[in-house]
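Heads up, the thing below is written out as structure tokens.
Protein chains in written order, with this note's numbering: chain A, 1 to 265; chain B, 1 to 141.
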């Protein structure tokens with residue numbers, strides 16, 4: 001009798017630990033661009049691998065709910081809010097790898113924790129490299145969408161500056177809507193200046209702007225939203241698609257406003 | 001010209017893969033996915049409408065993403081998110097915004113509907129290809 005009493009508390013602490021690991025893994029996965037289905041499956045897989053019986057999880061685009069039951073009685077539950085944030089696919093890949101290893105029984109729970117913390121600390125790309133990538137990407141798209149070399153060059157400058165602004169806006173904690181409006185307005189201003197300065201090169205203002213707004217386009221929420229819909233996660237999919245629609249609207253407002261002002265000059 | 005477009009869309013896709021912190025060992029495959037999507041679009045656009053070309057290009061891109069996801073043992077997200085960018089209707093958004101702000105209502109509606117059609121075509125393309133059930137062996141990816 002004493003042994004049964006003695007063994008109960010550690011078992012309970014253990015399933016609480018498993019739940020905690022699952023929630024933290026799910027949080028990290030959701031934050032960095034994993035779709036709902038993947039988050040739920042990964043969490044369930046980890047819980048099963050560590051022997052948590054009757055593990056329940058419900059995931060939304062911006063929140064996690066999970067609990068472990070024993071004999072039909074929920075005895076440990078967690079709820080966590082997960083804000084929408086930038087995508088980091090390196091972390092998604094690593095967590096994918098980790099969950100497979102856990103499912104294969106390669107890790108103790110302490111080791112799994114250590115790996116998860118290492119993944120959490122994985123650095124994002126250097127800001128100046130991000131700006132460079134954004135600039136180069138914009139320049140390429142300026143060309144792909146039918147611009148000449150000069151147009152692509154202006155796209156490159158505008159796309160780089162837009163990303164500098166996005167990074168600064170993140171630092172200033174500017175709201176997402178305002179960030180997108182202002183960044184696309186900045187793109188339009190830079191492209192207008194470029195077009196005014198280089199008429200001799202045959203500047204096409206529309207090609208420049210279309211190339212330079214590509215880094216701001218809502219490709220990620222759009223794609224992830226569709227994927228949530230495919231997996232019948234309609235509520236999460238709707239949140240993502242509304243996010244995509246609002247971003248597209250913000251870009252339209254930012255660019256349109258500047259061009260309208262310019263037409264009055 | 002076609003080769004140049006292939007190379008430039010390859011580089012463009014890799015740039016976006018960098019912005020999303022894709023692991024370095026997958027760069028080439030992301031670039032290839034994006035370039036194939038863009039080339040499909042570019043070739044088809046001469047024959048069919050923009051939404052139809054978007055649909056076909058997205059399907060090619062999504063299929064390739066699935067193949068790479070299995071072969072490269074990475075989540076399909078890695079290839080799909082980077083590769084989709086050349087097809088997202090940025091031009092449509094621009095044209096709609098321009099017409100909207102210039103009080104050209106007829107053109108604003110026209111471009112708006114065109115943009116929506118492209119978005120639906122891309123959504124349909126992804127949905128069609130990703131809904132095909134995974135084989136058991138591929139499920140891990």
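Idealized CB from N, CA, C, for every residue including glycine. Model, not experiment: these values are computed from the prediction.
query                                                                                                                           : result
Residue 130 of chain B: CB within 6 Å of a non-hydrogen atom of the ligand HEM                                                  : Ligands are entirely absent from the displayed structure, and the ligand HEM is therefore not among its contents.
N- and C-terminal bounds of the beta strand (DSSP E) containing residue 130 of chain A                                          : That residue, residue 130 of chain A, is in no beta strand (DSSP E); its alpha helix (DSSP H) goes 127 to 144.
Cα-Cα separation between residue 125 of chain A and residue 105 of chain B, rounded to whole angstroms                          : 43 Å
Residue 276 of chain A: first and last residue of the uninterrupted beta strand (DSSP E) it sits in                             : Because chain A is modelled from 1 through 265, residue 276 of chain A falls outside the range shown and cannot be assessed.
Whether residue 255 of chain A touches residue 188 of chain A by CB criterion (7 Å)                                             : yes
Alpha-carbon spacing of residue 32 of chain A relative to residue 190 of chain A, whole angstroms                               : 31 Å
Residue from B/42, B/24, B/85 and B/72 whose Cα sits closest to the Cα of residue 119 of chain B                                : B/85
Own chain partners of residue 179 of chain A with C-beta closer than 7 Å, once the 5 adjacent residues on each side are dropped : 166 and 169
Sufficient close CB pairs (3 or more, under 8 Å) joining the segment 45 to 65 of chain A to the segment 17 to 37 of chain A     : yes
Residue 148 of chain A to residue 140 of chain A span [Cα, whole Å]                                                             : 11 Å
Residue range of the unbroken beta strand (DSSP E) whose run includes residue 69 of chain A                                     : 63 to 70
Residues of the segment 50 to 69 of chain A whose Cβ lies closer than 8 Å to any Cβ of chain B, in chain order                  : none
Residue 81 of chain A burial status per 10 Å Cβ neighbour count (16 or more: buried)                                            : exposed
CA-to-CA distance, residue 195 of chain A to residue 127 of chain B, given in whole angstroms                                   : 40 Å
Status (buried if at least 16 other CB within 10 Å, exposed otherwise) for residue 154 of chain A                               : buried
First through last residue of the beta strand (DSSP E) which encompasses residue 80 of chain B                                  : Per DSSP, residue 80 of chain B belongs to no beta strand (DSSP E); it is in the alpha helix (DSSP H), 76 to 83.
Residue closest to residue 131 of chain B, alpha-carbon to alpha-carbon, out of A/257, A/230, A/247 and A/235                   : A/230
Which of helix, strand or coil DSSP assigns to residue 56 of chain A                                                            : strand
Contact between the segment 220 to 239 of chain A and the segment 96 to 103 of chain A (3+ Cβ pairs under 8 Å)                  : no
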